[in-house]
Amino acid sequence: MIERTFMMIKPDGVQRGKVGEIIRRIENKGYRIVDIKMVRPTEILLDAHYAEHVGKSFYPSLVAYMTSGPVIAMIGEGTNIVAGWRMLMGATNPTDAAPGTIRGDLGREWQSDAIMNLVHGSDSVTTAKREIELWFS
Ligand code: CMP
Numbered sequence: 001m002i003e004r005t006f007m008m009i010k011p012d013g014v015q016r017g018k019v020g021e022i023i024r025r026i027e028n029k030g031y032r033i034v035d036i037k038m039v040r041p042t043e044i045l046l047d048a049h050y051a052e053h054v055g056k057s058f059y060p061s062l063v064a065y066m067t068s069g070p071v072i073a074m075i076g077e078g079t080n081i082v083a084g085w086r087m088l089m090g091a092t093n094p095t096d097a098a099p100g101t102i103r104g105d106l107g108r109e110w111q112s113d114a115i116m117n118l119v120h121g122s123d124s125v126t127t128a129k130r131e132i133e134l135w136f137s
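Heads up: the sequence shown runs through residues 1 to 137, numbered per full-length UniProt numbering.
Structure (structure tokens):
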């Protein structure tokens, strides 16, 4: 099924100069980028985006990480892209991510309070709709 998902290159990906490499992997997989922009996320936007993590012990470090620099927000389109993009990203913690995935190949061992893991992808079609509306309206 052709789906859309919300994809993001997080501040560490932009700061470390991995934007081109990550977009190359998205396009090589056959996914289409239908919209893209550079954004400096605000705390208000992040509280909405990460509603399920607000209040968790790691949340303040997550916000500090996510407001440390601009991110690249994208809408991707492709067959089964929601699950496929998560496969391409690899496990949340780069230490555990498989070789061949973005986090497995480009991520660094997790050593801070927030998991700096280069990229984000919606976890379901429903979440994708919500996140696309949040970041692109
Ligand atoms: P992501 O899956 O894109 O969205 C939630 C983010 O919170 C996740 O990436 C990590 O950056 C971070 N995160 C999730 N779980 C933890 C955790 N246990 N400790 C620290 N950061 C986390």
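Backbone N, C-alpha and C define an ideal beta-carbon position, used for all residues, glycine too.
Distance, Ala-114 Cα to Thr-95 Cα: Counting from 1 along the sequence shown, the entry for residue 95 is found at position 95. Counting from 1 along the sequence shown, the entry for residue 114 is found at position 114. Each residue's alpha carbon lies about 13 angstroms from the other.
- Could you tell me if the beta carbon of Thr-92 falls within a distance shorter than 7 angstroms of some heavy atom in the ligand CMP? Taking the first residue of the sequence shown as position 1, residue 92 is located at position 92. Under cutoff, so the answer is yes.
Check: Cα-Cα, which of Phe-136, Met-7, Pro-99, Val-71 is closest to Gln-15?
Finding: Position 15 of the sequence shown, counted from the first residue, corresponds to residue 15. Ranked by how close their Cα comes to the Cα of Gln-15, the residues Phe-136, Met-7, Pro-99, Val-71 have Val-71 in first place.
Notebook entry, point to check: If we count the other Cβ atoms within 10 Å of its Cβ and call it buried at 16 or more, is Asp-47 buried or exposed?
Noted result: The count along the sequence shown starts at 1 and reaches residue 47 at position 47. It counts as exposed.
- prompt: Pick from Thr-126, Ile-2, Lys-29, Asp-12: whose alpha carbon is nearest that of Asn-117?
  reply: Counting from one through the sequence shown, the residue named residue 117 turns up at place 117. Ranking the options by Cα distance to Asn-117, first place goes to Asp-12.
Going by alpha carbons, who is nearest to Thr-79 out of Ser-57, Ile-26, Lys-37?
The sequence position of residue 79 within the sequence shown is 79, counting from 1. If we check each option's Cα against that of Thr-79, Ile-26 comes out closest.
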